[in-house]
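Visitor:
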Amino acid sequence: MAAPQVVALVSGALFSVGLVLAQMTKPERVIGFLDVANWDPTLVFVMGGAVIVYAVLFRLIMKRPKPFVAPKFAVPTNRTIDKKLVAGSALFGIGWGMAGFCPGPGLVSLASGMSALTFVIAMLSGMFLHTNFQQWLDRRASSSEGSEALPATVSSK
1150 MAAPQVVALV SGALFSVGLV LAQMTKPERV IGFLDVANWD PTLVFVMGGA
1200 VIVYAVLFRL IMKRPKPFVA PKFAVPTNRT IDKKLVAGSA LFGIGWGMAG
1250 FCPGPGLVSL ASGMSALTFV IAMLSGMFLH TNFQQWLDRR ASSSEGSEAL
1300 PATVSSK
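Heads up: the sequence shown is residues 1150 to 1306, going by my numbering.
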């Protein structure tokens, strides 16, 4: 196994352990955090800790000339807030609030029972449907652009 895969495996395992220790794999804990009537603030500390660690380490890591096991940093360059980003964020939040799982904890919780399995199947189905719907929209947009480029002398007979 190459170094990037080992780093990914170790990072994923460490992340999974963190999710379990923070109880983010328990839907009732997450829903309690999102429920304003009976708010459970426990996850504020988990998320706050994660944000602090990220904020400090990201700045330190980005000062390096390159990553330890990759040729270059893979940092997103698109900073545009568009309809797709807002809609995706809203769907993520709605799904998280309804199910008590988001993708990472859902996958980690697979061994814990049917609710996690149901969530992961629904998540993968949604990803599949989104990909196919987006490809359909892209094909439709490119075919309509192509028809606009046809000369005016072409008839529809």
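Ideal placement from N, C-alpha and C gives every residue a C-beta, glycine not left out.
(1) Taking only the alpha-carbon atoms, compute the straight-line gap between A1260 and C1251 and give it to the nearest angstrom.
(2) Report the start-end ranges of each alpha helix (DSSP H) in the stretch 1157-1241 that is 4 residues or longer and not cut off at the edges.
(3) Just confirm the distance between the C-beta atoms of A1248 and F1268, as a whole number of angstroms; I'd bet it's less than 8 angstroms.
(4) Which of the three DSSP states is assigned to G1244 in this structure?
(5) Can you name the start and end residues of the alpha helix (DSSP H) that G1253 belongs to?
(6) Determine the DSSP secondary structure at L1299, reduced to helix, strand or coil.
(7) Cα-Cα, which of F1282, R1289, A1223 is closest to F1207?
(8) Shortest alpha-carbon distance to L1168 belongs to which of N1281, V1205, G1253?
(9) For F1241, which option in F1194, V1218, M1272 has the closest C-alpha, if you only look at C-alpha atoms?
Guide: According to the structure data:
(1) C-alpha separation (whole angstroms): 15 angstroms.
(2) Runs of the alpha helix (DSSP H) inside the stretch 1157-1241: 1176-1183, 1191-1211.
(3) So it is a contact: roughly 5 angstroms between Cβ atoms.
(4) Three-state result, G1244: helix.
(5) First-last of the alpha helix (DSSP H) with G1253: 1252-1257.
(6) Residue placement at L1299 cannot be trusted, given a pLDDT of 47 that sits under 50; what the coordinates show is reported in the next sentence. It is coil, neither helix nor strand.
(7) The shortest Cα separation from F1207 among F1282, R1289, A1223 belongs to A1223.
(8) The shortest CA-to-CA distance from L1168 to any of N1281, V1205, G1253 is the one to G1253.
(9) Ranking the options by Cα distance to F1241, first place goes to M1272.
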